[in-house]
Amino acid sequence: MSTGAALPVPGPIDLLAGDPLEVAPQLLNTLLVHGDRVARIVEVEAYRGIEDPASHAYRGPTKRNAVMFGPPGRLYVYFTYGMHWCANVVCGPEGVAGAVLLRAAAPVAGLDAMWSARRAARTERDLCSGPAKLCQAMGLNRDHDGADLFVADRGVSLVTDGMSPPLRPGVGVRIGIRQAAEHPWRWWVPDDPNVSR
DNA sequence: CCGCCGATCTTT
DNA sequence: AAGATCGGCGGG
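When we follow the working numbering, the leftmost residue of the first sequence carries the number 3, and every step to the right adds one.
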């Protein structure tokens, strides 16, 4: 990759073992890597478990959401609307469901592969400006559900190049949900054109 | 630029 | 029957 130093997210276990509400804004400006594709995360949402009616884990463990109950630092990838994949970073201690939905990112490297994977995209902004777009651009699907981001056992990792999360991120309610829609558990990088609408 | 609607299939 | 979405189409 041509993005300079790529180090694991600082204190990965320490950070990701925390509550998703604390973890989520800390993931802004980190880099999601898959092979030669790199994207900078610019929009996230926090999902809790039993306390969060909007969470896939609300009704307890199932085959689909099993990864959410596992150790932090894994990818939880789910299929929805009959055609889309969305990716989360699992957080919270093992046994406690929690995750951060990766909603949007800024393309950084491997743009050729992203364009190829996103035939519908007309502008660079179309590549990763939504949770399913991001997965399509980065080539994430069922094969990556449960992938370990620390050891990159499936070629996917979360790293930092030293850019800190924004001091004052944008904050608002989560998008596309009806249950527990009032909680301001969505964060984004202010003024970034890749943030979804 | 914005809003509406259909696609498509898994989970509830 | 709804869903942690997207893209195409029509209107302003």
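For glycine and all other residues, C-beta sits at the position ideal for the given N, C-alpha and C.
Starting from the C-beta of residue i, find all residues in its chain whose C-beta is less than 6 Å away, skip the five residues before and the five after it, and write them out in chain order.
i           : result
residue 58  : 67
residue 159 : 35 and 151
residue 89  : 77, 79, 104, 137 and 142
So, for residue i: in the same chain, excluding its five sequence neighbours on each side, which residues have a beta-carbon less than 8 Å away from its beta-carbon?
i           : result
residue 37  : 112, 115, 141 and 157
residue 52  : 59, 60, 62 and 99
residue 126 : 109 and 113
residue 1   : There is no way to answer for residue 1, as the model of the chain reaches only from 3 to 199.
Between the beta-carbon of residue i and the beta-carbon of residue j, is there less than 8 Å?
i           : j           : result
residue 26  : residue 41  : no
residue 191 : residue 102 : no
residue 146 : residue 79  : yes
residue 94  : residue 155 : no
residue 91  : residue 148 : no
residue 81  : residue 144 : yes
residue 120 : residue 129 : yes
residue 168 : residue 28  : no
When we look at the beta-carbon of residue i and count the other beta-carbons within 10 Å, is it buried (16 or more) or exposed?
i           : result
residue 170 : exposed
residue 188 : buried
residue 55  : exposed
residue 176 : buried
residue 75  : buried
residue 64  : exposed
residue 153 : exposed
residue 161 : buried
Here's a check: name, in chain order, each residue in its chain whose Cβ is nearer than 7 Å to the Cβ of residue i, leaving out the five neighbours to either side.
i           : result
residue 44  : 30, 106, 107, 108, 190, 191, 194, 196 and 197
residue 83  : none
residue 182 : 54, 55 and 56
residue 86  : 134
residue 123 : 117 and 129
Using only CA atoms, which one of the options lies nearest to residue i?
i           : options           : result
residue 178 : 152, 90 and 133   : 133
residue 164 : 24, 23, 33 and 64 : 33
residue 50  : 39, 97 and 88     : 97
Legend entry - Given 8 Å, three or more beta-carbon pairs between the region 17-25 and the region 129-145: no
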